[in-house]
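Residue numbers (the UniProt record's numbering): 1 to 231.
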């Protein structure tokens, strides 16, 4: 058995003819000739039909100055899968909005984590490897009701969010992506909001105005302008 496993790890390199070891590391060659580590082949996953390299997401987030350590996992809940980033960081410098903005400029939308979870420390096995089983037990949704619903506008929008997300919305200041929304759900949300307010909204609206409060404020301004035109 061990011999067969070694056979799979050692191969003849077609370009040099030399015996080579397949490490499983994913890298790319930079312009200066150096290699940049992009993750592990065994950390490739499929999410909503798209192949994702968790290591690439981790390396991108690790570039942010206040991030000390990062692990990205796929979590499943209510027959839906979510990308969750567990982060150990300098809590005084923690800025989720800034972090999300940074990685949105560097990764495609389907590789942006839905949730960010701050960790004091990570669980490790005795051999020094990450205890991913224990990590999977850490809650990744927040039940914080900070930024509660203020008016009827926000309540109407919150009801639509709940229909799209399939769960109770506790805050008007939580970003749609942080609440578990992704691009496909954003399209549905935009369609339902368009129908409710008799407007033509695209899924880009959801990410440009990512919270219930920002969406409500925007829609209020639109209807105020329409009312002034009528007068």
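We put the CB at the ideal spot given by N, CA and C, even for glycine.
Computed from a predicted model, the values in this text were never measured in an experiment.
- In the DSSP assignment, the residues bridged to residue 117 are 86.
- In the structure shown, the three-state DSSP call for residue 80 is strand.
- Among the bridge pairs identified by DSSP, residue 46 is matched with 51.
- Of the other Cβ atoms in all chains shown, fewer than 16 fall within 10 Å of the Cβ of residue 97; this residue is therefore exposed.
- Partner residues in the beta bridge of residue 19, as assigned by DSSP, are 12.
- Contact annotation, residue 84 with residue 115: C-beta distance approximately 5 Å; criterion of less than 8 Å satisfied.
- Rounded to whole angstroms, residue 137 and residue 118 show a C-alpha spacing of 14 Å.
- In this structure, residue 187 sits away from residue 113, with a CB-CB distance that is not shorter than 8 Å.
- Taking every protein chain shown into account, the CB of residue 208 has fewer than 16 other CB atoms within 10 angstroms, so this residue is exposed.
- Under the three-state reduction of DSSP output, residue 149 falls in the coil class, being neither helix nor strand.
- Taken atom to atom, the span from the alpha-carbon of residue 221 to that of residue 159 is near 20 Å.
- The residues 68, 69 and 119, in chain order, have a CB closer than 6 Å to that of residue 88 in the same chain once the five nearest residues on each side in sequence are set aside.
- C-alpha of residue 155 to C-alpha of residue 162: approximately 10 Å in a straight line.
- The count of Cβ pairs closer than 8 Å, one atom from the segment 123 to 136 and one from the segment 192 to 200, stays below three, leaving the stretches out of contact.
- The beta-carbon distance between residue 210 and residue 172, rounded to whole angstroms, is 11 Å. This is too long to meet the 8 Å contact definition.
- Rounded to whole angstroms, the gap between the alpha carbons of residue 193 and residue 178 is 19 Å.
- Beta-carbon to beta-carbon, residue 81 and residue 71 are separated by about 16 Å, too far to satisfy the 8 Å threshold.
- The Cβ atoms of residue 180 and residue 165 sit closer than 8 Å to each other.
- Under the 10 Å beta carbon count, residue 213 is surrounded by 16 or more other beta carbons and is classified as buried.
- Closest option to residue 90, judged by alpha-carbon separation, among 106, 65 and 100: 65.
- Secondary structure of residue 225 (DSSP, three-state): helix.
- In the three-state DSSP reduction, residue 63 falls in the coil class, being neither helix nor strand.
- Boundaries cannot be given for residue 131, as no alpha helix (DSSP H) includes it and DSSP labels it neither H nor E.
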